[in-house]
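Peer 1:
Protein chains: 2
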Amino acid sequence: MTDLVRARELDAADPLRHARDLFDLPEGVVYLDGNSLGALPKATPGRMEQVVRQEWGEGLIRSWNTADWFTLSQRVGAKLAPLIGAAQDEVIACDTTSVNIFKLISAALAARPGRKVILSEPGNFPTDIYMIAGLEAQGLARRRLADVDAIMAALDDDVALLMLTHVHYKTGRMLDMQRLTKAAHDAGALVLWDLSHSTGGVPVDLGGCNADFAVGCGYKYLNGGPGAPAFAYVAQRHQAGLQQPLTGWFGHRAPFEFSDDYDPAPGVDRLLAGTPAILGLAALEVGVDLIAELGMGALVAKSRALSEFASGAIAERLSDLELASPHNPVQRGSQLSYRHEHAYPICQALIARGIIGDFRAPDILRFGFAPAYLRYEDVYNAVEALAEIVTTGAWNTPEFRKRAAVT
Amino acid sequence: MTDLVRARELDAADPLRHARDLFDLPEGVVYLDGNSLGALPKATPGRMEQVVRQEWGEGLIRSWNTADWFTLSQRVGAKLAPLIGAAQDEVIACDTTSVNIFKLISAALAARPGRKVILSEPGNFPTDIYMIAGLEAQGLARRRLADVDAIMAALDDDVALLMLTHVHYKTGRMLDMQRLTKAAHDAGALVLWDLSHSTGGVPVDLGGCNADFAVGCGYKYLNGGPGAPAFAYVAQRHQAGLQQPLTGWFGHRAPFEFSDDYDPAPGVDRLLAGTPAILGLAALEVGVDLIAELGMGALVAKSRALSEFASGAIAERLSDLELASPHNPVQRGSQLSYRHEHAYPICQALIARGIIGDFRAPDILRFGFAPAYLRYEDVYNAVEALAEIVTTGAWNTPEFRKRAAVT
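Laid out in structure tokens, this is it:
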């Protein structure tokens with residue numbers, strides 16, 4: 032049986048085969064970058080039209096009450112919560128991942144007086160590490176980076192917070208949340224998990240792992256749109272005492288009393304700062320609804336099967352290509368990364384053929400497998416194109432080697 | 032000549048009379064709340080459709096380059112700059128007003144070591160004052176509030192930053208930016224102006240006033256939509272040394288080098304933190320383009336004429352109603368506020384008649400005059416309804432007195 036026949040059989044038997052039709056994907060494109068920007072749900076343009084024309088245009092200021100804009104951050108958070116093993120009142124959608132990281136690093140420092148170290152790993156997603164820098168310049172935090180293998184040894188009495196990304200953006204490696212959370216707690220530290228590359232792609236059980244804090248982004252597997260609002264999670268046990276420094280009016284107990292004194296809202300609401308981004312939240316809600324409806328069980332099963340199919344086919348066609356992701360699908364996110372000296376022009380040559388993956392400096396070719404809309408036959412076609420480009424050297428043209436201003 | 036005849040004459044002679052047709056306003060509504068949430072420009076739904084269907088849906092991840100998403104924050108900032116007397120490279124659109132205030136308070140503290148006091152006035156817009164609280168809890172800042180008359184006396188060697196709202200949200204009182212900025216500088220302090228109720232409604236000349244920092248919101252007179260991204264201004268002379276603690280990847284000199292070390296972008300770009308909110312920025316750009324096209328000169332002239340017409344008609348019909356705004360239109364923003372013991376039910380009774388102003392606790396009736404889409408005849412109708420409601424006591428029903436969950 033050829034790979035193509037097998038791909039078609041797998042598609043025919045796929046319990047999620049109907050889901051692709053819920054997305055608007057361009058013709059002739061195999062989209063392997065849903066881990067960077069998720070595809071457009073078909074329901075989104077209609078919902079945006081409604082929020083713009085009816086809620087904003089017709090309802091005007093009244094829509095804060097009549098269209099429930101006031102509780103949109105909470106509502107999206109509550110819908111997102113079951114996807115990551117959280118209770119509904121533990122998650123709120125707001126701001127960006129970066130800003131939410133800042134809030135929760137600061138909250139950990141406030142909760143662990145006398146400890147200043149924020150422990151992470153080198154090569155973590157840049158914004159996570161960068162968000163320590165500002166607090167370091169203020170004298171509030173100290174950065175410590177240790178390779179994941181050395182994390183246990185680096186957890187000492189100075190560590191206020193262990194901050195890690197659950198699924199690594201570059202390699203797709205997935206960390207053992209349960210074990211690392213316990214290790215941090217044993218050392219008296221709190222833990223903050225960045226779920227940006229996890230949510231909607233892999234199983235996450237924040238509650239079961241006894242995690243303290245988490246953040247994640249809305250524009251990858253949640254399909255919330257470019258620059259979608261992010262989310263933040265605070266375990267119930269930390270909510271009453273939570274102190275975060277972005278003390279804006281939407282995090283106040285009673286914003287419309289217009290008092291001069293800040294009095295934080297109970298619960299996770301106190302993570303809000305400014306006026307919520309209604310247009311972005313409305314688009315995110317559509318994406319979250321869709322993922323919740325498809326169900327994490329089916330999505331995770333298909334994600335693993337898709338990446339297994341891809342890695343098998345690539346190993347067969349390009350046996351020299353170095354897999355930078357873990358070989359075991361339960362130890363990685365919904366992606367495969369390969370190392371190649373010429374990853375950049377290979378990626379450009381793929382894009383020219385409608386196969387959209389991405390490049391991560393200096394030498395990573397990254398393919399995401401968004402299980403909601405990707406078919407096995409798409410993966411087959413992508414592997415065929417990749418094999419052709421690599422074996423013939425078709426990537427080696429001035430056009431493909433020319434770097435974009437931003438890659 | 033009756034007020035109605037005069038209103039119609041003023042409308043006929045209005046150089047901005049064509050502008051109303053550029054907005055989508057509901058039938059039967061007189062919208063006096065453009066200072067809280069601006070109306071929907073007719074061009075916005077089409078632009079949103081384009082950014083959602085074409086740029087996101089068709090372009091997918093490629094649109095970061097091909098649709099210039101990477102520079103959208105800068106582009107909107109540059110278009111906004113001339114409306115507030117700034118150079119194009121001094122303004123950037125991002126995050127919320129609250130978050131931008133936090134960045135710039137922190138930047139002032141970094142630029143004035145040894146000084147911890149942030150000076151503002153009691154009753155300033157809550158989020159402005161609240162944003163000091165988080166920094167105070169971290170031991171970085173100290174809040175000092177002084178009535179505007181006593182601000183000069185409160186400016187001493189401990190003050191790092193004078194932070195004031197240019198047009199007061201409740202009363203509409205406009206401060207003397209030139210004089211107060213100079214006073215702050217004479218005391219060795221920096222100054223941060225909140226332009227949320229100014230931008231697009233009154234003349235602002237940040238450069239001419241030698242202002243250091245400013246912030247403002249996109250959803251009022253700029254008509255950027257509910258929860259639109261905000262903006263921040265940093266005078267060129269402060270940009271090279273600017274330190275702000277929300278050190279996210281979009282504020283990095285080269286985000287896609289994925290280095291572990293934070294190296295701030297040159298200029299105002301370093302105010303960026305997380306991934307920009309593309310949907311919100313796209314809507315904001317339409318609103319900014321529209322206001323820029325109409326021109327601040329014409330808008331300011333009409334704003335003053337509208338509020339003069341309104342205050343004259345109200346004084347005639349309801350001579351006892353106490354004006355909480357300055358009597359001189361050049362000393363106030365594009366709004367009029369009145370004090371009334373029963374402001375809340377009066378506001379509800381007006382809304383029931385399609386006259387949408389708003390209530391600000393405890394006793395303020397607030398009417399905004401967005402000059403781009405408001406007609407003199409609208410103002411006439413609003414005053415008629417107000418006079419009828421107040422003189423007949425039509426506000427005094429259980430329905431109008433019942434408070435919404437959020438007012």
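Those protein sequences? They're chains A and B, same order as listed.
To convert, take the position in the first sequence, counting from 1, and add 31; that gives our numbering.
To convert, take the position in the second sequence, counting from 1, and add 31; that gives our numbering.
Every residue gets a Cβ at the ideal spot worked out from N, C-alpha and C, and that includes glycine.
(1) If we define contact as Cβ-Cβ less than 8 Å, is residue 391 (chain A) a contact residue for chain B?
(2) Alpha carbon to alpha carbon, how far is residue 57 (chain A) from residue 143 (chain A)?
(3) Exposed or buried, which one is residue 427 (chain A) when buried takes at least 16 other CB atoms within 10 Å?
(4) Counting only C-beta atoms, is residue 438 (chain A) closer than 8 Å to chain B at any point?
(5) Using a Cβ-Cβ cut-off of 8 Å, state whether residue 430 (chain A) counts as contacting chain B.
(6) List the residues that DSSP assigns as beta-bridge partners of residue 369 (chain B).
(7) Taking the C-alpha atoms as reference points, what is the distance between residue 213 (chain B) and residue 269 (chain B)?
(8) Please say whether residue 395 (chain B) and residue 425 (chain B) have beta carbons closer to each other than 8 Å?
(9) Which residue or residues does DSSP assign as beta-bridge partners of residue 194 (chain A)?
(10) Is any beta-carbon of chain B found at less than 8 Å from that of residue 36 (chain A)?
(11) With DSSP run on the structure shown, which of helix, strand or coil describes residue 47 (chain B)?
(12) Near residue 386 (chain B), what residues of its chain come up, given a Cβ to Cβ distance below 6 Å and the 5 sequence neighbours on each side ignored?
(13) Could you confirm whether any beta carbon from chain A is found closer than 8 Å to the beta carbon of residue 422 (chain B)?
(14) By the 7 Å beta-carbon criterion, what residues does the stretch 75-88 of chain B contribute toward chain A?
(15) Under 8 Å, do residue 118 (chain A) and residue 238 (chain A) count as touching if we go by C-beta distance?
(16) Hey, quick one: how far does the beta strand (DSSP E) through residue 125 (chain A) stretch, first residue to last?
(17) Closest to residue 127 (chain B) by CA distance: which of A:280, A:403, A:406 is it?
(18) List the residues of chain A that residue 100 (chain B) touches, going by C-beta distances under 7 Å, in chain order.
(19) Just curious, the beta strand (DSSP E) that residue 389 (chain B) is in, first and last residue?
(20) At the 8 Å Cβ level, is residue 287 (chain A) part of the contact set with chain B, yes or no?
(21) Check whether the stretch 197-205 of chain A touches the stretch 217-231 of chain A, taking contact to mean three or more Cβ pairs, one atom from each stretch, closer than 8 Å.
(22) Using a Cβ cut-off of 8 Å, pull out every chain A residue sitting near residue 55 (chain B), in sequence order please.
(23) When the Cα atoms are used, what is the spatial distance from residue 261 (chain A) to residue 351 (chain B)?
(24) Do residue 420 (chain A) and residue 380 (chain A) count as a contact pair if the criterion is CB distance below 8 Å?
(25) CB residue 402 (chain A) to CB residue 337 (chain A), shorter than 8 Å?
(26) Suppose you measure from the CA of residue 141 (chain B) to the CA of residue 234 (chain A); what does that come to, to the nearest Å?
(27) Are the C-beta of residue 309 (chain A) and some C-beta of chain B separated by less than 8 Å?
(28) Could you give the first and the last residue of the continuous beta strand (DSSP E) run that contains residue 174 (chain A)?
(29) Suppose the cutoff is 6 Å on Cβ atoms and the five residues either side in sequence are ignored; what does the same chain contact list for residue 177 (chain B) look like?
(30) Within 10 Å of its beta-carbon, does residue 158 (chain A) have 16 or more other beta-carbons around it, so buried, or fewer, so exposed?
(31) Determine the extent of the beta strand (DSSP E) in which residue 161 (chain A) is found, giving its start and end residues.
(32) Cα separation between residue 153 (chain A) and residue 364 (chain A)?
(33) Using a Cβ-Cβ cut-off of 7 Å (strictly less than) and excluding sequence neighbours within five positions of residue 98 (chain B), which residues of its own chain qualify?
(34) By alpha-carbon positions, which one of A:151, A:409, A:167 ends up nearest to residue 182 (chain A)?
(35) Just to check my reading of the structure: residue 69 (chain B) and residue 388 (chain B) have Cβ atoms closer than 8 Å, yes? What is that Cβ distance to the nearest angstrom?
(36) Just mark residue 45 (chain B) as buried or exposed, buried being the case when its beta carbon has 16 or more other beta carbons within 10 Å.
Peer 2: Checking against the coordinates, here is how it stands:
(1) yes
(2) 50 Å
(3) exposed
(4) Its pLDDT being 49, under 50, residue 438 (chain A) is placed unreliably by the model, and the measurement read from it follows with that caveat. Chain B contact via Cβ: present.
(5) no
(6) B:354, B:396
(7) 16 Å
(8) no
(9) A:223
(10) no
(11) coil
(12) 61, 413, 416
(13) no
(14) 75, 76, 79, 80, 83, 84, 87, 88
(15) yes
(16) 122-125
(17) A:280
(18) 257
(19) 389-391
(20) yes
(21) yes
(22) 84, 88
(23) 50 Å
(24) yes
(25) yes
(26) 42 Å
(27) yes
(28) 173-176
(29) 185
(30) buried
(31) Looking at the DSSP string, residue 161 (chain A) is not in any beta strand (DSSP E); the run it does join, the alpha helix (DSSP H), is 157-168.
(32) 19 Å
(33) 86, 90
(34) A:151
(35) Not really, about 14 Å apart at Cβ, beyond 8 Å.
(36) buried
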